[in-house]
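Peer 1:
Chains as they are written, first to last, in this note's numbering: chain F, 9 to 421; chain D, 9 to 421.
(1) Residues of the region 164-189 of chain D in Cβ contact with chain F at a cutoff of 9 Å, in chain order, please.
(2) For residue 131(D), which residues in the same chain have their Cβ closer than 7 Å to its Cβ, ignoring the five residues on either side in sequence?
(3) Let me check one thing: in DSSP terms, what residues is residue 305(F) bridge-paired to?
(4) If you follow the beta strand (DSSP E) that residue 359(F) is in, where does it begin and where does it stop?
(5) In chain order, which beta strand (DSSP E) runs of at least 3 residues are fully inside the region 136-208 of chain D?
(6) Would you be able to state if there are at least three C-beta pairs under 8 Å between the region 176-194 of chain F and the region 237-254 of chain F?
(7) With a CB to CB cut of under 8 Å and the five nearest residues on each side skipped, what residues in its chain are close to residue 362(F)?
(8) Using 8 Å as the limit for Cβ to Cβ distance, is residue 314(D) near chain F?
(9) Please classify residue 99(D): is it buried, with 16 or more other beta-carbons within 10 angstroms of its beta-carbon, or exposed?
(10) Using a Cβ-Cβ cutoff of 9 Å, what residues of the region 16-38 of chain D are near chain F? List them in chain order.
(11) Checking the sheet assignment: what are the DSSP bridge partners for residue 227(D)?
(12) From the DSSP output, which residues share a beta bridge with residue 391(F)?
(13) How big is the Cα-Cα spacing for residue 123(F) and residue 37(F)?
(14) Check whether the Cβ of residue 308(F) lies closer than 7 Å to any heavy atom of the ligand FMN, and answer yes or no.
(15) From 287(D), 320(D), 269(D) and 309(D), pick the residue whose C-alpha is nearest to that of residue 302(D); which is it?
(16) Comparing the C-beta of residue 217(D) with each C-beta of chain F, is any distance below 8 Å?
(17) Does any residue of chain D bring its CB to less than 8 Å from the CB of residue 398(F)?
(18) May I ask which residues mark the beginning and end of the alpha helix (DSSP H) holding residue 90(D)?
(19) Indicate whether at least one CB of chain D lies closer than 8 Å to the CB of residue 160(F).
(20) Going along chain D in order, which residues have a C-beta closer than 9 Å to the C-beta of residue 69(F)?
(21) Would you kindly check if the distance between the Cβ of residue 14(F) and the Cβ of residue 44(F) is under 8 Å?
(22) Does any residue of chain F bring its CB to less than 8 Å from the CB of residue 82(D)?
(23) Just the C-alpha distance for residue 351(D) and residue 239(D), rounded to the nearest angstrom, thanks.
(24) Output the residue ranges of the beta strand (DSSP E) runs that lie fully inside the region 42-74 of chain F and measure 3 residues or longer, sorted by chain position.
(25) For residue 161(D) and residue 29(D), what's the separation of their Cα atoms in angstroms?
(26) Return the residue from the list 307(F), 83(F) and 401(F) that minimises the CA-CA distance to residue 311(D).
(27) Checking contacts by CB at 8 Å: is residue 242(D) closer than that to chain F?
(28) Could one say the Cβ of residue 305(D) lies closer than 8 Å to chain F's Cβ atoms, at least one of them?
(29) Please identify, using Cβ separations under 7 Å, the residues of the region 139-154 of chain F that lie next to chain B, in order along the chain.
(30) Check whether the Cβ atoms of residue 414(F) and residue 381(F) lie closer than 8 Å to each other.
(31) Is any beta-carbon of chain D found at less than 8 Å from that of residue 56(F)?
(32) Residue 77(F) bridges to which residues according to DSSP?
(33) State the DSSP-derived secondary structure class of residue 256(D), mapped to helix, strand or coil.
(34) Would you be able to state if there are at least three C-beta pairs under 8 Å between the region 321-337 of chain F and the region 251-258 of chain F?
(35) Would you please verify whether the beta carbon of residue 106(F) is less than 8 Å from any beta carbon of chain D?
(36) Can you pull the chain F neighbours of residue 319(D), defined as C-beta to C-beta under 9 Å?
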């Protein structure tokens, strides 16, 4: 049983926005036991959507569409579906009532364009969109199914979680997706593959091993479809874990910052951060974890040197002698933020993210990261590359891993 | 002349990562005058890629593939292309030399798996990948073209910018994509569409107007393909701008934080931020702008109340009387950070992002935002929703717009 996703909108084809809906849907569907076979993105033109539906239905049992259902003229999914299924539009009183309620609650007068959201294809089963005006449309085509949803992420997510996935699970047989993730450092991709060659040779058919280069290492994914392989997965996972040894930094689907939080909670320690070049991205990664407030105190983003001096007590002569991107400044920052926020652990970064600011001795991508864990400080230099956006992400990732590794090694000893 | 993009990898179909490559490529290609007709994502299975290539070539002149070219067994693009074009692999000495150089520079021994990266399809024109081991492969098929690139974003971006786009521009006739963006507030999507109905009625054929709901408003996009429509675009853009009046907050492709930076620079003012619930995301948006260091001083991420008190001088009794999510705390935070970092402008936010922490009076999504511009403070309450990740993004967006709007209105007066 195969699902395909079709995301709709010219804004995706001109790169105005990144399609985050498809990955979110794929993640939720996979977790619920539905395999996604392909994702297709088309623009607003009706013919392109028709073409995509025809092609996808030649392979898949279920098509999930998002986008093109707003009240404006550029949105044409509803008419295209009428065309595809050969039916007209009828007024749906429940949708009309819902739209009227939504607008009266917001104190806005209903206009004809929004009223038209209650015109639905005759052949569709209509499901109310609890958080928006465009209804969810559910079409049967023999044994196949097509569902149209809004492209606004919040509306799509609510629809998927509350309406679509529960219905799919009632109507279709699902399978289990078994998966183990390992973040591995200290190997190049090919060296790791060589190290694991014999393991891969013996890996039986339903299992696959995938290598995904990531900041700070390689993300290995061992996976198979089918609950019946659960005990084999335990054995294979155990053997793989043994082969990886201490090069395995994290195991499971958890992010490094989640693991860091768990370790800190377990040891009843707390954390602060001092960021220069990453400009708040480390704090953002950490505070994206629900419940981070129980172990994360806060951060000083010392973008300008005056803030480094004033709030982090970095000495003026240290900056003048060694430069703001230096071991010495990173160390004073990490001590400074731990003192200011009264935490036992801290992370500090200073570096040059580009495109400007590089020199011969300190090219763009030069980063110093200091991590404090109880009384000990580790300070390391990295070169993360030459693309500003990537440099920020990589540096943040590496900084979190540096502290995580430090705490893990303490646990080993 | 139509381009299609095919992104390859099981990690995309299980939602392990979000496909950021396709949007980046689409943006660059559109800007260079190439229209992207569709984007397809398939997994690592060879048959699925063959199917996608066949289907895409039935419509497009140029196919750009990313992914599946690493040295490990899960990567099968190269073999699949040999299969598709009916050719074998041959050793390419230039690629071998390049890979050997890359490894010797990093001080790593070359292993057989990486050496195999120098085996290339006989029928491909081979272009060296300056930042990685997998070569770029350029195949002609009559008048059509297929290019295979790595999926690692940094390698793909370098390849596109330095090699692929320049070659495409030499070989194909490009068109111009004309585009005007406007961020509009104070209207619902349908109310704005009603307001612009007559404008849309008269809009001639090559032009299209698209509505994209966004934080803080609706992003309107007026666009057309073809340099010959440039003067008509000026006229239509001017009329649209007139119809939008003061409801138009930003114009052009620039982000709100870029415009904020330009206004601050122009007035020789500087900015700091104090973030509680957004946990550094506002600072991250601002510091993602190259050159932000000339007007952005830094931030205090006061996640815990102790940091609000210690670094931002928020009074204990204010927190006890009004709660940490309140007008009074937001105002003390904005004053506190401006004082600590000696800035003339500041943004402060405090709120409840969820999933935990909501109460009946202050449900999840409640946010107070204070903005300081010279001597004036504006403080407003918002409700941003119930999804943590979205709440963080929305709050950050709204906060930046609140200050931008405040500065703009000062300029009008």
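C-beta: ideal position from N, C-alpha, C; glycine also.
Peer 2: In this structure, then:
(1) Cβ contacts with chain F come from 165, 166, 185, 187 and 189.
(2) 93, 95 and 147
(3) In the DSSP output, where bridge partners are listed per residue, residue 305(F) has none listed.
(4) 353-359
(5) 144-149, 152-157 and 185-192
(6) Counting Cβ pairs under 8 Å, three or more are found: they touch.
(7) Correct list, in chain order: 372, 373, 394, 395, 396 and 399.
(8) yes
(9) It is exposed - the Cβ of residue 99(D) has fewer than 16 other Cβ atoms within 10 Å.
(10) Taking 9 Å as the Cβ-Cβ cut-off against chain F, the residues of the region 16-38 of chain D that qualify are 17, 18, 19, 20, 21, 22, 23, 24, 25, 26, 27, 28, 30, 31, 32, 33, 34, 35, 36, 37 and 38.
(11) 191(D) and 220(D)
(12) 374(F)
(13) 32 Å
(14) No copy of the ligand FMN occurs in the structure displayed, which carries no ligand at all.
(15) Out of 287(D), 320(D), 269(D) and 309(D), 269(D) has the C-alpha closest to the C-alpha of residue 302(D).
(16) yes
(17) yes
(18) 85-93
(19) yes
(20) Residues of chain D passing the Cβ test: none, with the nearest at roughly 16 Å.
(21) no
(22) Yes, its Cβ sits closer than 8 Å to a Cβ of chain F.
(23) A direct Cα-to-Cα measurement between residue 351(D) and residue 239(D) gives close to 43 Å.
(24) Along the region 42-74 of chain F, the beta strand (DSSP E) occurs as fully enclosed runs of 3 or more residues at 43-50 and 70-74, listed in sequence order.
(25) 6 Å
(26) 307(F)
(27) no
(28) yes
(29) The chain inventory of the structure shown lacks chain B, comprising the protein chains F and D.
(30) yes
(31) Yes, residue 56(F) lies at the interface with chain D (some Cβ there is under 8 Å from its Cβ).
(32) Partner(s): none; residue 77(F) has no beta bridge.
(33) strand
(34) no
(35) no
(36) 306, 308, 319, 348 and 349
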